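**Student:**
Number of protein chains: 2
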Amino acid sequence: MSRFKTVAIVGVGLIGGSIGLAVRDRKLAAAVVGIGRTAPKLKKAKDLGAITETSLTIEEGAEKADIVIVCTPVSDIAGHILQAAAAAPSTALLTDAGSTKRKIIADVEAAIGADKHFVGSHPLAGSEKTGAEHARADLFNGRVVVVTPTRRTSNGDMQAVADFWSGLGASVLIMTPDAHDRALASTSHLPHLVASAVAAKTAQVDLPVTAGGWRDVTRIAAGDPELWTQILLENREHVLKSLAGFEKTVAAFRTALERGDKRRLNQLLTEGKQVRDAVGN
Amino acid sequence: MSRFKTVAIVGVGLIGGSIGLAVRDRKLAAAVVGIGRTAPKLKKAKDLGAITETSLTIEEGAEKADIVIVCTPVSDIAGHILQAAAAAPSTALLTDAGSTKRKIIADVEAAIGADKHFVGSHPLAGSEKTGAEHARADLFNGRVVVVTPTRRTSNGDMQAVADFWSGLGASVLIMTPDAHDRALASTSHLPHLVASAVAAKTAQVDLPVTAGGWRDVTRIAAGDPELWTQILLENREHVLKSLAGFEKTVAAFRTALERGDKRRLNQLLTEGKQVRDAVGN
């Protein structure tokens, strides 16, 4: 028997589409409703097998949902959660897949009814690729999903959302929204900014001598600028702090280079290697 | 019939080992002599099939070589080329695989006899992995090798070195040593420094929330600190210029973030995306 009768997914791109594929692959729900603004995109997701039904409005699409996962750009998430909360049965579980958490959750909690069941989530499974055509049923397999309860969250709701992601093969980490945003500023948002700056500073004429290293460092710079503008701005305090630390380390490299300080350069590079080696491939 | 009777490789790590495997795989030489300081490392390379003979000295190992490729750390290359030039037949072709070119080539040309045949090379096929155990016969397949002649280089020698790399499946680009170093500062040395700084700034406690983006950006930070200290110092003027441009772009990001300037952030991210998209996977 399926765990859910109806799963509703708002936004069926890479993440939303992969949730649909994973839910269907693992037979966790009888119906998966894809909700989006444009019929062709929904049709594509349905053709790919990511969803079983489509809806152009949250009002209609969330009506029978046992769980709604909002996978739209971060600026839209709070509004979509509130719409889903109004449309779905009062027992429905509500979560999202946004890359930032503090502002989204504050905005939702400021307006949502006390009887609703919202808990924020962030699956660490994004990519520079977007769209349901890149969706995969195993996208969450072995990946981390951060679930971010607040003082208002019941243990039951937190557990239910955690179980949902575990059911898709993910490992769940519980963090506060602010701890999430602080950590992700350093592990995701700063790296994105830096990758973009390295790419932007590479002259056209030098592109033929880019190799694997450059391609790795800059890969995520291919991400959607609009989505990433939103992410960086929503988390700007933490990103600015992380950036200040990074600029200091870069300045230390510069000073060591200017001075020809072999020992210091080696020390700085060794610090980077130690952290990188701790993570592995 | 093989193109060479004897190929000698000084330093049989990832690059040297892969040259040996590629030469043997393509039957370009009757004998491949691996030259190194430690017998066990040479034995491993021989067991892997990368070389057919071993020698603990350049004097002995280069004695019969038609071509010598020096694949040691950049600080050692000029000295090893000069040793090889003294040991090898006067007709032997001499080249290297160093990540920097200007200083190595100046040092070699200041001391080498006018009758010798040295042309610098840089195969863009490095990796954070090191050692002959990661060597692959197809490492140079479809990769770029930069060959860096000077005013002293004869066209015949340049062509012969270019043909050697083409013979291993690489595309050859001809650049001056200084143009190479200027370009690589921006496409390889700066990215390495930046990857290292991002890794070093990531706190231990945040490592569980690193995902694909972080892993891509920081991958090359796992490279050997000693090798990269040498590379950054040998090319420090160009790296410092490239770094100054990068710091300016990062500061532009910071200002846009501080001001909450959505339009400017989007513009900066779009510049990075355009360059990245031009390169592809």
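Going down the list, the protein sequences come from chains A and B. With this note's numbering applied, the first sequence covers 213 to 493. With this note's numbering applied, the second sequence covers 213 to 493. By construction, the Cβ of each residue, glycine as well, lies at the ideal position given by its N, Cα and C atoms. Bear in mind that the values here come from a model prediction, so they are computed numbers and not experimental data.
1. Taking any Cβ of chain B, which residues in the segment 419-436 of chain A have a Cβ under 9 Å from it, in chain order?
2. Return the chain-ordered list of same chain residues with a C-beta closer than 8 Å to the C-beta of residue 465/B, the five sequence neighbours on each side being excluded.
3. Is residue 353/A close to chain B? Criterion is C-beta to C-beta, closer than 8 Å.
4. Taking Cβ positions, are residue 227/B and residue 403/B nearer each other than 8 Å?
5. Determine the contact status of residue 474/A and residue 268/B, defining contact as a CB-CB distance below 8 Å.
6. Secondary structure at residue 333/B, three-state DSSP: helix, strand or coil?
7. In the DSSP assignment, what are the bridge partners of residue 281/A?
8. Mark residue 448/A as exposed unless 16 or more other C-beta atoms lie within 10 angstroms of its C-beta, in which case mark it buried.
9. Quick one: is residue 417/B buried, meaning 16 or more other Cβ sit within 10 Å of its Cβ, or exposed?
10. What are the residues of the segment 358-390 of chain B that lie near chain A, defined by any Cβ-Cβ distance shorter than 7 Å?
11. Between which two residues does the beta strand (DSSP E) containing residue 265/A stretch?
12. Which residue marks the beginning of the alpha helix (DSSP H) containing residue 373/B, and which one marks its end?
13. Touching or not, the segment 419-430 of chain A and the segment 360-376 of chain A, by the rule of three or more beta carbon pairs under 8 Å?
14. Taking only the alpha-carbon atoms, compute the straight-line gap between residue 408/A and residue 457/A and give it to the nearest angstrom.
15. Taking Cβ positions only, does residue 484/A come closer than 8 Å to chain B?
16. Could you name the residues of the segment 459-483 of chain B whose beta carbon sits closer than 7 Å to any beta carbon of chain A, in the order they occur along the chain?
17. From the DSSP output, in three-state form, read off residue 360/B for me.
18. So if I threshold CB-CB distances at 9 Å, which residues from the segment 399-419 of chain B count as touching chain A?
19. Check the C-beta distance from residue 233/B over to residue 262/B and give it rounded, since I have them as a contact under 8 Å.
20. Report yes or no: is there a C-beta of chain B within less than 8 Å of the C-beta of residue 303/A?
21. With a cut-off of 8 Å on the beta carbons, I'd call residue 384/A and residue 359/A a contact; round off their distance for me.
22. CB residue 237/B to CB residue 349/B, shorter than 8 Å?
23. Do residue 230/A and residue 351/A have their CB atoms nearer than 8 Å?
24. Is residue 382/B helix, strand or coil by DSSP?
25. Measuring only the C-alpha atoms, how far is residue 338/A from residue 397/A?
26. So residue 246/B is in the alpha helix (DSSP H); what residue range does that whole segment cover?
27. State buried or exposed for residue 239/B, treating a residue as buried only when at least 16 other CB atoms are found within 10 Å of its CB.
28. Can you name, in chain order, every residue of its own chain whose Cβ lies under 6 Å from the Cβ of residue 276/B, other than the five neighbours on each side?
**Tutor:** In short, the structure shows the following:
1. 419, 420, 421, 422, 423, 424, 425, 426, 427, 428, 429, 430, 431, 432, 433, 434, 435, 436
2. 477, 480
3. no
4. no
5. no
6. Annotated three-state conformation of residue 333/B is strand, per DSSP.
7. Bridge partners of residue 281/A: 221/A, 307/A.
8. buried
9. exposed
10. 358, 385
11. 265-267
12. 367-379
13. Verdict: no, contact absent.
14. Going by the C-alpha atoms only, they are around 18 Å apart.
15. Yes, residue 484/A counts as interfacial toward chain B.
16. 459, 461, 462, 465, 466, 469, 470, 472, 474, 477, 478, 480, 481, 482, 483
17. strand
18. 399, 400, 402, 403, 404, 405, 406, 407, 408, 409, 410, 411, 412, 413, 414, 415, 416, 417, 418, 419
19. 5 Å
20. By this cut-off, residue 303/A is not an interface position.
21. Contact flag correct, Cβ pair sits at about 6 Å.
22. yes
23. yes
24. coil
25. 15 Å
26. Element bounds for residue 246/B: not the alpha helix (DSSP H) but the beta strand (DSSP E), 241-247.
27. Residue 239/B comes out exposed.
28. Close CB contacts of residue 276/B within its chain, under the 6 Å cut and outside five residues either way in sequence, are with 218 (chain order).
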